[in-house]
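Engineer: These protein sequence lines map, in sequence, to chains A and B.
For what it's worth, the UniProt record's numbering labels the leading residue of the first sequence as 1, then goes sequentially.
For what it's worth, the UniProt record's numbering labels the leading residue of the second sequence as 1, then goes sequentially.
What follows is a structure written as structure tokens; I'll ask about it next.
There are 2 protein chains.
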Amino acid sequence: MKKLNHTVLFLILATQVLSAQSTESLKIRKQTQQNAKVIIREFTDFLKIPNVAANPISLRENANFIMGMMTNKGINNVQLLEGKTEDTTPAVYGEVLVPGAKQTLIFYAHYDGQPVNPAQWDKKLTPFTPQLFTASLDKNGTSIPFPQDGKYNGEWRIYARGASDDKAGVDAILNAYDAIKKSGLKPTYNLKFFFEGEEEEGSTHLDAILEKNAKLLTSDLWIICDGPVHQSGKKQLYLGVRGDTNLDLTVYASKRPLHSGHYGNWAPNPAMMLAELLASMKEDDGRVSIKGFYDDVIPLSPSEKAALLEVPSVDAQMKTELGMGNPEMKDISLSEAINLPSLNINGIQSGNVGKMASNQIPTTATAVLDLRLVLGNDWKRQQQKVIDHIKGQGYFVTTNDPTDQERATYPKIIKIIANPNGINAQRTSMDLPIIKKVIAAVKATTNDQVVLQPTMGGSLPLYLFEKYLKANTISVPIANHDNNQHAENENIRLQNLFDGIETMGSLMLLK
Amino acid sequence: MKKLNHTVLFLILATQVLSAQSTESLKIRKQTQQNAKVIIREFTDFLKIPNVAANPISLRENANFIMGMMTNKGINNVQLLEGKTEDTTPAVYGEVLVPGAKQTLIFYAHYDGQPVNPAQWDKKLTPFTPQLFTASLDKNGTSIPFPQDGKYNGEWRIYARGASDDKAGVDAILNAYDAIKKSGLKPTYNLKFFFEGEEEEGSTHLDAILEKNAKLLTSDLWIICDGPVHQSGKKQLYLGVRGDTNLDLTVYASKRPLHSGHYGNWAPNPAMMLAELLASMKEDDGRVSIKGFYDDVIPLSPSEKAALLEVPSVDAQMKTELGMGNPEMKDISLSEAINLPSLNINGIQSGNVGKMASNQIPTTATAVLDLRLVLGNDWKRQQQKVIDHIKGQGYFVTTNDPTDQERATYPKIIKIIANPNGINAQRTSMDLPIIKKVIAAVKATTNDQVVLQPTMGGSLPLYLFEKYLKANTISVPIANHDNNQHAENENIRLQNLFDGIETMGSLMLLK
């Protein structure tokens, strides 16, 4: 009786799976399972090559390794795309042109990783020696050898720098193409591949590479494979990114540090002045009180608003995981919050705390502000709103240390270094026909919800693709949310890698 | 005609001087002038002995040197006063008991100095190699040899660690006794001498020394010779000191640093929380807004209020010198400000600024507060007022890093480490007969105003003299205000040393 029930349950589940997932998607999955041993061996070889900016020679080794992968998989016209000169880290390009195809998809991932401090990694780990664990270290995963039979449990994890961010992206894209080819599936779009090597360094030469190779890189859509899936484990698509810029503020008080006894109460305290200035920038309910801060914002479209309502709430889960108090803005959800411009204090410093503290009135107080922008905001205009607010608080604003003359003239002086670089937000409409097809294709790989996010909270220079190529973009992340990207103990959950191959393969078969 | 005028002018001035200054004072001055070569040679020998806490052996050498000075000058019962054990730095004691005297004065100075960082000193200087300059370095003074004829210009300066703070005090006291003795002047009070060796280290063992030697140290008044004269150059007397204590505050947000893009606007920012909390502690007019902060304050007496009105204003001079804006409290003078309790931010820190800054939401934000107290304030009660204010701002207050349970329970969490040590303020009444005599004696050494300050802004553990000896105290500083005490390039203006000898000598002749 018990056995029968199980069998019945299995059949019901299988039916549900089949009803939600396309035959093509399942073929890619099967092919990936059969090829798992080769895929993982190639992936670990890839992870063994250090990929940090401090070591540009090894970044070129990564690029060469990727060219080899592409050539092996039958991708054509494989080449390095250099910036203005050849002393910067190149992107890797390849293509599969489909006879008769009128449209082109271009798949993006990056092969460079964040810097590593091995001392911060778990003692069992070495950043560029990939290792297999039965689960995450947090959940007491144990180290096991890579299996000889090619049978992998989806919950297992590979630990190494770049395992998720973003060599998993490179690997998923290339193995997706390999799987559709080996499964006899035929793309109807031209496929192009673009793997960047300077993403973690701020994409310093991406503009030059795009501008120089604009014709080669013509496409109808960039598919950005980077970042994690939803915290709930569901697949998700990002239609945009927030923009970003910074301001450095320094408030000036006395020229020399003063004894807090002999002058305390009388001489102005720059830390208190800065505290009051920063506090003036937010209302009691956490909203930014700077005049016009929320102006310029282009409201979400009906489709985007509808999508936002469908985003599963992870607020309670994240509050517990982070041990944090109430959200900064009253009654706001995480997904609502990231669709608004933000003002964040990255750091603040004046005098000394801890063992170096002394009873003094410091001479200056400094804060670094991070401004995130949404569609409609202009990063220079947003900086100016903050500067105008500070002027409204009675400050004389300068971009240098104040002169004696300025000190004698103005009671309140602040130096503001507005970052000369900024990124505007980017958002692709959910209503574009090609975007609707992408959403449908990803939905066809899962029987679970696909989370549609109008924007991610973070920033990527996607405006460069708009600027130099007039191209649309969509981000299709594949890594597990707890992958420790940018930090120690980076890892990829194997099922996320396998699911990622399936997702990318399905997108390559867009109709 | 011209010559005649000058002569007349001289006679008028000389008459004015004579009318204000006592014959005894002038005798001490004459004796000091005659003995200047010996005094300066002994002083420079004294300054050559390093006197920093890092070198306790050389501190004992200083103590031995002082014992030699005292014995040479005919002071009796010279001895070291040890703390509970002999591994701490001793005080040096001596006395001159006057037959028939019913009252006793005890003269205090300290022989230890602040730490030195020779790299921060002017290249022409070495901290423990005293050198003579024609003026202060700021005013382009040049190095000259010590004159063989013993003729010193009062504007010349000796540069060395301890030159003003406070070996000048030791030197002025001992040479004052030498001068009155050599001038045939007779004290009517018993005279005692007490030279501390741990003042710059926080007088860590002063309580033990006072308690252990309470009987030996019996007196009617402690005369504390430390610190600078008024910024105007006038002599001044301090009747008290502010008290002092500290609080370390740490506000907690998320357990791990967060990406300011993915979580900015949603996750609470501890730097902003701390800024808002600190800003809540002051009114717009700069007054502390913490409930009851100015309660407990014992108002100044009529004499003290009258004295305060007579303090020459240095506000405009100091504002220019410090290049500062308006005073923290609206429409307040420096001398009024130091007669109120204060709340000062010594330091504040969260995340990073400058090159280490990154787009993150920090996990914590820390500030160190310094509370200065006036008579009537109790340091523990003053700490509690701040703690209660913070609770009133919705914070859960803990003395440890918060537990997960506390994080889940309280939206706003702060760790407060209230310094377990504090000093209450001390103020001696200007109306005591012995204080009136001291004021009169100092006035008799000058034809200029003597500035009477009810309190100094800084803190000294004068409450210890009250606690262990039930003793009254008065501070009689002698150094020039621009002596760079506690910093590099410490110096004494010679006229301040000579005037100091005259002041101390006149006090030893109190009637």
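Glycine residues also receive a C-beta, built at the ideal position from the N, C-alpha and C atoms.
Keep in mind that this is a model prediction, so the values were computed, not measured.
Looking at the secondary structure, which residues open and close the alpha helix (DSSP H) in which residue 493/A lies?
Structural biologist: Looking at the DSSP string, residue 493/A is not in any alpha helix (DSSP H); the run it does join, the beta strand (DSSP E), is 491-493.
Engineer: Report the residue from 305/B, 281/B, 306/B, 174/B whose alpha carbon sits nearest the alpha carbon of residue 294/B.
Structural biologist: Ranking 305/B, 281/B, 306/B, 174/B by Cα distance to residue 294/B puts 281/B first.
Engineer: Going along chain A in order, which residues have a C-beta closer than 9 Å to the C-beta of residue 410/B?
Structural biologist: Residues of chain A passing the Cβ test: 325.
Engineer: Can you tell me whether residue 486/B is buried or exposed, with buried defined as 16 or more other CB within 10 angstroms of its CB?
Structural biologist: Looking at its Cβ environment, which holds fewer than 16 other Cβ atoms inside 10 Å, residue 486/B is exposed.
Engineer: So, is the C-beta of residue 322/A closer than 7 Å to a C-beta in chain B?
Structural biologist: So yes, residue 322/A belongs to the interface.
Engineer: Pull up the DSSP beta-bridge partners for residue 350/A, would you.
Structural biologist: Paired residues: 348/B.
Engineer: Residues of chain B with CB closer than 7 Å to the CB of residue 368/A, please, in chain order.
Structural biologist: Chain B residues near residue 368/A: 353, 357.
Engineer: For the stretch 167-183 of chain B, list every residue whose C-beta sits within 7 Å of some C-beta in chain A, in sequence order.
Structural biologist: Cβ contacts with chain A: none found.
Engineer: Could you give the distance in angstroms between the alpha-carbon of residue 11/A and the alpha-carbon of residue 446/A?
Structural biologist: At residue 11/A, the pLDDT of 40 sits below 50, so the modelled position is not reliable and the matter cannot be decided from this model.
Engineer: Buried or exposed for residue 16/B, going by 16 or more other Cβ atoms inside 10 Å?
Structural biologist: Unreliable positioning characterises residue 16/B in this predicted model, as indicated by a pLDDT of 40, which lies under 50. A coordinate reading is not provided.
Engineer: Can you tell which of 357/B, 36/B, 437/B has the C-alpha that lies nearest to the C-alpha of residue 247/A?
Structural biologist: Closest option to residue 247/A, Cα to Cα, is 357/B.
Engineer: If you reduce the DSSP assignment to three classes, tell me which class residue 128/B lands in.
Structural biologist: Of the three classes helix, strand and coil, the one that applies to residue 128/B here is coil, per DSSP.
Engineer: Please name the residues in the stretch 292-312 of chain A whose beta-carbon is closer than 7 Å to at least one beta-carbon of chain B, in chain order.
Structural biologist: Answer in chain order: no residues at all.
Engineer: Indicate whether the contact test is met: 3 or more Cβ pairs, each with one atom in the stretch 297-312 of chain A and one in the stretch 334-344 of chain A, closer than 8 Å.
Structural biologist: Because the criterion of three Cβ pairs below 8 Å is met, the stretch 297-312 of chain A and the stretch 334-344 of chain A touch.
Engineer: Would you say residue 340/A reaches chain B, if we count a Cβ-Cβ gap shorter than 7 Å as a contact?
Structural biologist: Judged by the 7 Å Cβ criterion, residue 340/A is in contact with chain B.
Engineer: CA-CA distance, residue 332/A and residue 355/A?
Structural biologist: The alpha-carbon atoms of residue 332/A and residue 355/A are separated by roughly 39 Å.
Engineer: Along chain A, which residues have their Cβ under 9 Å away from the Cβ of residue 522/B?
Structural biologist: This structure cannot speak to residue 522/B, because chain B is shown only from 1 to 511.
Engineer: Determine, using beta carbons only, whether residue 407/B and residue 323/A come nearer to each other than 7 Å.
Structural biologist: It is a contact, given that the beta carbons lie within the stated cut-off.
Engineer: Identify every residue that forms a DSSP beta bridge with residue 282/A.
Structural biologist: Partner(s): 288/A.
Engineer: Just verifying my parser: in three-state terms, what is the DSSP assignment at residue 102/A?
Structural biologist: Looking at residue 102/A - three-state DSSP - the assignment turns out to be coil, as it is neither helix nor strand.
Engineer: Please state if the CB of residue 481/A and the CB of residue 228/A are separated by a distance shorter than 7 Å.
Structural biologist: Yes, the Cβ-Cβ distance between residue 228/A and residue 481/A is below 7 Å.
Engineer: Note down, in chain order, each residue of its chain lying with its Cβ closer than 7 Å to the Cβ of residue 142/B, except the 5 sequence neighbours on either side.
Structural biologist: 133, 134.
Engineer: Going by beta-carbon coordinates alone, are residue 522/A and residue 475/A separated by less than 7 Å?
Structural biologist: As displayed, chain A neither begins before 1 nor continues past 511, which places residue 522/A out of reach and without an answer.
Engineer: Quick check on residue 372/B - is its C-beta less than 7 Å from some C-beta in chain A?
Structural biologist: Residue 372/B counts as touching chain A.
Engineer: Does the Cβ-Cβ distance between residue 411/A and residue 326/B come in under 7 Å?
Structural biologist: Contact: yes.
Engineer: Apart from the five residues on each side of it in sequence, which residues of its chain come closer than 7 Å, Cβ to Cβ, to residue 50/A?
Structural biologist: If we look at residue 50/A and ignore the five residues flanking it on each side, its Cβ neighbours are 58, 128.
Engineer: Apart from the five residues on each side of it in sequence, which residues of its chain come closer than 6 Å, Cβ to Cβ, to residue 441/A?
Structural biologist: If we look at residue 441/A and ignore the five residues flanking it on each side, its Cβ neighbours are 506, 507, 510.
Engineer: Under DSSP, the alpha helix (DSSP H) around residue 194/B begins and ends at which residues?
Structural biologist: It is not in any alpha helix (DSSP H) - residue 194/B instead sits in the beta strand (DSSP E) that spans 190-196.
Engineer: Please classify residue 249/A: does DSSP put it in a helix, a strand, or coil?
Structural biologist: The answer is strand: DSSP assigns residue 249/A an E or B state.
Engineer: Using a Cβ-Cβ cut-off of 6 Å (strictly less than) and excluding sequence neighbours within five positions of residue 53/A, which residues of its own chain qualify?
Structural biologist: Taken in chain order, the residues that qualify are 201.
Engineer: Name the residue from 348/A, 363/A, 342/A whose alpha carbon lies nearest to the alpha carbon of residue 260/A.
Structural biologist: Of the listed residues, the one whose Cα sits closest to residue 260/A is 363/A.
Engineer: According to DSSP, is residue 415/A part of a helix, a strand, or is it coil?
Structural biologist: Strand.
Engineer: By DSSP, does residue 87/B sit in helix, in strand, or in coil?
Structural biologist: Three-state DSSP puts residue 87/B in coil, outside helix and strand.
Engineer: Leaving out the 5 sequence neighbours to the left and right, which residues in its chain are closer than 6 Å to residue 165/A when beta-carbon positions are compared?
Structural biologist: Same-chain partners within the cutoff: 485.
Engineer: Please compile the residues from chain B whose C-beta is within a distance smaller than 7 Å of the C-beta of residue 471/A.
Structural biologist: Neighbours of residue 471/A on chain B: none; closest Cβ ~22 Å, over 7 Å.
Engineer: How big is the Cα-Cα spacing for residue 361/B and residue 312/A?
Structural biologist: So the two alpha carbons sit approximately 24 Å from each other.
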